[in-house]
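So the structure is just underneath, and the comments pick up after that.
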Amino acid sequence: MSARKSFYKAAYKIAVPVTLQSLLMALLNLTDQLMVGQLGDVAVASVGISTKIYGIISVVLTGLSMGVSIYAAQFWGNKETKSVSQVLGLGLIVGFVFSFLFSAAVFMDSPLFLSMFTTDANVLEDGDIYLQIMSLGFVPVMLTLMYSAILRSTGHAKWPMYVSFISVGLNVILNYVLIFGHFGAPELGLKGSAIATLIARVTECLLIIGAVYRNRLPGAVGLKNLFIIPKPLIRRFFGTTYPLLLTELFWVLGDTAYAIIYSRMGTVEMTAMTITFPLQGICIGLLSGLASAAGVMVGNRLGANETDLALDHAKRFIRLGIVVSLIVGGVIAAGSWLYVSMFNISADAKQMGIDLVIVFAGFLWVKVSNMIMAGGILNSGGDSKFVFGMESTATWLIGVPSGLLLSFLWKQPIFLVYLVISLEEVVRFAFGYARIRSRKWMRNLVSDLAA
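Below, the structure is given as structure tokens:
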């Protein structure tokens, strides 16, 4: 088999399952919103605020799972299977401490966390029981993320996808049954939605761990090999992972700043921007598999000290991402009017929505390229400090200031504000691509850490 065919076969094996899993989660979130939306404004607000609180732990666990994935991919490329289990154990220890403490704090005083976002007595009352139940799922979510990271990094991405199919289906069915009281079940409303989500998360956790041990996949070891972790690995792991956590945190803060900018421009403008969010989520989810595949395949090659092949893989992924996203972006731009017409909104909001969708479509190729370069390629070599500097600088020195000036001071239309803010992606691309060509990111993180 030629090198080109071998590359695309390996990329397909990882990218497609990750993509399908991302789309499944987008479908689940949409279904949750539609079902809970039948319960009224208070229920929708309660879920929205609880989601923001969940986002706090999600940021930490996502950064931690990325750190686990980076080291697991390099250890796997270096054929150090015992070390793969040790990095999983390290992720489980740190993840458990954080998720358990956060879960306990939210469960014992959920009104305190809710009051950070609202003073509405109805939302505080309804959201209390919802958030309490949801908090019980934080530890299972952590376990699912850690084991999924190990499986994807070792080329077993299909198993998290299979498990997600089951858990998403279960969640949708239980939502229908418990929210509305079908098939003889009690009508629990918002509480039923929380119970359904908790059951689905626990089931997903049990299935992914069960699949690992039943099929003897990477990570299927006893406690001795899982939790006896060399100190050099601990030090290096945290040195790589803390910038990942900061990157995720600054991204959330930046995203919040953009939401404030758009919302303060007016109701029509915020409505127009809001209707683009589902489309943006679907597109990024559709192409997220390329970033995951890039991180795993390039990391495997770096772990095996095959630096030339790692660089070749990196460039191939960037080219592939640009070509695919240009095609998708062209389709989106051509059908922008059709997408916007699906929403029952004012004529002004529809026109703004069309303009915003076209801007998004025009920048999709660079957004996807940056996702592949920063989230996949550069992080695979442990270049997380550079990624943090690049991401935070672009957001806070270019994106947020330009958005504030254009919207509040110069009163420009929202499509122009969004276009200028999106230019931060071009700056990221220039710095990211230059970094990749420099080869400074290409480091074998595990050559002296073999178990």
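Residue numbering for the sequence shown is 90 to 540, as defined by this note's numbering.
The C-beta atom is built at its ideal place from N, Cα and C for all residues, glycine as well.
Here the C-alpha atom of W530 lies approximately 5 Å from the C-alpha atom of D472. Under the DSSP assignment, R305 falls outside any alpha helix (DSSP H); it carries neither an H nor an E label. The alpha carbon of N394 has as its nearest neighbour, out of K404, N167 and I268, the alpha carbon of N167.
A buried status is given to F191, since no fewer than 16 other beta-carbon atoms sit within 10 Å of its beta-carbon. In the pairwise beta carbon analysis, the segment 222-229 is classified as touching the segment 288-302: at least three pairs are separated by under 8 Å. In this chain, the alpha helix (DSSP H) harbouring P200 covers S199 to L203. Under the three-state reduction of DSSP output, K456 falls in the helix class.
With a beta-carbon spacing of about 17 Å, L467 and R408 fall beyond the 8 Å limit used to define contacts. Three or more Cβ pairs closer than 8 Å define a contact, and the segment 381-391 falls short of that threshold against the segment 338-347. Across the set L240, K280, K500 and D215, the C-alpha of L240 shows the shortest separation from the C-alpha of R305. In this structure, the beta-carbon distance from T396 to I159 does not fall below 8 Å.
In this structure the segment 236-256 touches the segment 110-118; the number of beta carbon pairs closer than 8 Å is three or more. The beta carbon of S496 sits closer than 6 Å to those of I350, M354 and V506, all from its chain and outside the five residues before and after it, given in chain order.
As the crow flies, the alpha-carbon of Y522 is around 46 Å from that of L263.
Using a Cβ distance threshold of 8 Å, F164 and H402 do not count as a contacting pair. The C-beta distance from I103 to G392 rounds to 16 Å, too long to meet the 8 Å contact threshold. A438 sits close to A361, with the two beta carbons spaced by under 8 Å. By the C-beta density criterion, F366 is exposed, having fewer than 16 other C-beta atoms within 10 angstroms. Here G478 is not near I510, since their CB atoms are 8 Å or more apart.
Just measuring C-alpha positions, the residue of G278, T286, T243 and A399 sitting nearest A309 is T243. Rounded to whole angstroms, R517 and V173 show a C-alpha spacing of 32 Å. DSSP places H402 in the uninterrupted alpha helix (DSSP H) bounded by T396 to A423. A straight-line Cα-Cα distance of about 12 Å links A193 and F185. When the five nearest sequence neighbours on each side are left out, the beta carbons in the same chain lying within less than 7 Å of the beta carbon of S414 are those of L376, L453, W454 and V457, in order along the chain. Distances from the alpha-carbon of K141 to those of T345, L334 and T208 put T345 closest. I443 and V136 have their alpha carbons spaced roughly 28 Å apart. Taking every protein chain shown into account, the CB of E513 has 16 or more other CB atoms within 10 angstroms, so this residue is buried. Ranked by Cα distance from G152, the options T336, M441 and L116 are led by T336. Under the rule that a run must span 4 or more residues, the alpha helix (DSSP H) segments found entirely inside the segment 223-262 read 227-242.
Taking 8 Å as the cut-off, the Cβ atoms of L279 and Y219 count as close.
Inter-residue distance for F187 and Y331 is about 14 Å (C-alpha atoms, whole angstroms). Within the segment 437-520, complete alpha helix (DSSP H) segments of at least 4 residues are found at 473-482 and 489-493, given in chain order. Counting along the chain, L335 sits inside the alpha helix (DSSP H) bounded by residues K320 to R353. Looking at Q440, L203, P106 and S256, the one whose alpha-carbon comes closest to that of I503 is Q440. Taking L213 as the centre and dropping the five residues before and after it, the same chain places the C-beta of P200, L203, S204 and T207 closer than 8 Å to its C-beta, in chain order.
Taking 8 Å as the cut-off, the beta carbon of I284 is found closer than this to the beta carbon of I222.
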